[in-house]
Amino acid sequence: MKADDFLDITDVVCPITFVKIKVALEELNDGQILEVHLNAGEPIQNVPRSLKDEGHKILSVEDLGDGTFTLLVLKGGLS
Amino acid sequence: MSINYKELKKGGFMRQRQQNYFSMRLKCVGGHFTAEQLGMIQSVAEKFGKGYVHLTSRQGIEIPFIHLDDVDTVKKTLAQGGVQVGVCGPRVRTITACQGNAVCPSGLIDTQKLAAEFDKRYSGRELPHKFKFGFTGCHNNCLKAEENDMGVKGGVKPNWSAENCIFCGVCQAVCPEKAITVDKAAKSVTLDENKCVYCGKCIKSCPTDACKGESGFVVSFGGLYGNKIAVGKNFLPIIFDAEKLFAIVEVALQFFKDHAKSGERFRTMLDRVGWEKFISEVEAVANES
């Protein structure tokens, strides 16, 4: 699965994490994929769920083993 | 006329350093006061007190500097605004609670409803010493359940189903107790129930609703946070039935009555009499089907 865009949110904290993702998703069309690089802790706890609640589908989550994760999100995948 | 301080204390009047003045404790359940009640409290504080109130450590309000001669008038006046006086002394005391799942996104149980029900059932019940109940809606523990003689914390037992799961591993990543193991290759998720603290982070974070659960009560006994400090102990599995919770409360209060010396706190009694006896009595009721 190839991402259409990539976003790194490891340098920000909640709620800016989610704001940045929302802005990035705005730039994509439904059906396109965003790859997100995020931190363990609060971001991994809240971000995937918030995306689901907004109608996007989480395709996969990969633990990079260094305290960060890579998330693949399908825009509008649940709506 | 001699003053019956014990009776006054029962009615929530705390004797002040200043002779014949009392700090009047108001009844409060779960930290809620209505705007109407606040209006009445304001007018009483202005007319009979010194124009201020004190917020207590257990979510209550006290009106300091009420003169002995005004006690009855103040009680009657407050009642007109729906305000009752609180309790002090050796009995079930103010019941504290967070806002719970009626308001808070983290809440797992309706702490306010429970606090009101506990107030109806147990408020003011006479005991060998004070007894405090506290309710907190989730594992974040804003209301410090384990500080109370009996604390109740909202919890949720995770129930995972393979159907929606994408084996993303978010639940494993967020579990504070490392109780969850996700095996992407084998498409399996295992939960170590002995490690689970029922915090529900796995359920809240799951992006596919593959992890759901049933909310219940995690109970602790014997907390103290005064002269002596002790953390309440939890030895029961999560309880799902409120009636079961009430049955357990009755056992605990009866045990307190039967075994404590006058003026002895619940925890001190348990440490002296032995926890084993108490645990077996509580477990007998908890395990009844």
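Heads up: the sequence lines are chains A and B, in that order.
Using this note's numbering, you'd call the opening residue of the first sequence number 1 and step up by one each time.
Using this note's numbering, you'd call the opening residue of the second sequence number 1 and step up by one each time.
Each residue gets a CB set at the ideal place from its N, CA and C atoms; glycine is no exception.
These figures come from a predicted structure and were not determined experimentally.
Within chain B, the residues whose beta carbon sits less than 9 Å from that of residue 45 of chain A are 170, 173, 174, 201, 204, 205, listed in sequence order.
By alpha-carbon distance to residue 47 of chain A, the top candidate from A:4, A:2, A:1, A:8 is A:8. Residues of the region 58-69 of chain A with a C-beta less than 9 Å from any C-beta of chain B: 58, 59, 60, 61, 62, 63, 69, listed in chain order.
Three or more beta-carbon pairs drawn from the region 251-267 of chain B and the region 133-151 of chain B are found closer than 8 Å, and the two stretches are therefore classed as touching. For residue 186 of chain B and residue 167 of chain B, the gap between their C-alpha atoms comes out near 9 Å. Classified as buried, residue 139 of chain B has 16 or more neighbouring CB atoms from the shown chains inside 10 Å of its CB.
For the pair residue 18 of chain A and residue 50 of chain A, the CB atoms are nearer than the 7 Å cut-off. For residue 68 of chain B, the secondary structure class from DSSP, reduced to helix, strand or coil, is helix. Closest in C-alpha terms to residue 85 of chain B, from the list B:23, B:228, B:133, comes B:23. Residue 115 of chain B and residue 156 of chain B have their alpha carbons spaced roughly 19 Å apart.
In its chain, beyond the 5 residues on either side, 137, 138, 140 have a beta carbon closer than 7 Å to the beta carbon of residue 106 of chain B. What residue 208 of chain B touches in chain A, judged by beta-carbon distance under 8 Å, is 52, 58, going in chain order. For residue 104 of chain B, the three-state secondary structure derived from DSSP is coil. Residues 170, 171 of the same chain have their beta carbon placed closer than 7 Å to that of residue 206 of chain B, with the five preceding and five following residues left out of the count. Collapsing the DSSP output to three states places residue 123 of chain B in coil. When secondary structure is reduced to three states using DSSP, residue 218 of chain B falls in the strand class. Fully enclosed alpha helix (DSSP H) runs of no fewer than 4 residues occupy 201-205 of the region 183-232 of chain B, in order along the chain.
Counting only Cβ-Cβ distances below 8 Å, residue 279 of chain B has no contacts in chain A at all, with the closest Cβ about 34 Å away.
For residue 90 of chain B, there is no enclosing alpha helix (DSSP H), as DSSP gives it neither H nor E. With respect to chain B, the C-beta atom of residue 48 of chain A has a partner C-beta closer than 7 Å. Pairing residue 30 of chain B with residue 108 of chain B gives a Cβ-Cβ distance that is not under 7 Å. With respect to residue 21 of chain B, residue 67 of chain B sits close: the two C-beta atoms are nearer than 7 Å. With the criterion set as a beta carbon lying under 7 Å from some beta carbon of chain B, the members of the region 20-45 of chain A are 40, 44, 45, in sequence order.
Between residue 37 of chain B and residue 81 of chain B, the C-beta gap is smaller than 7 Å, which places the two residues in contact. Between the C-alpha atoms of residue 49 of chain B and residue 32 of chain B there is a straight-line separation of about 22 Å.
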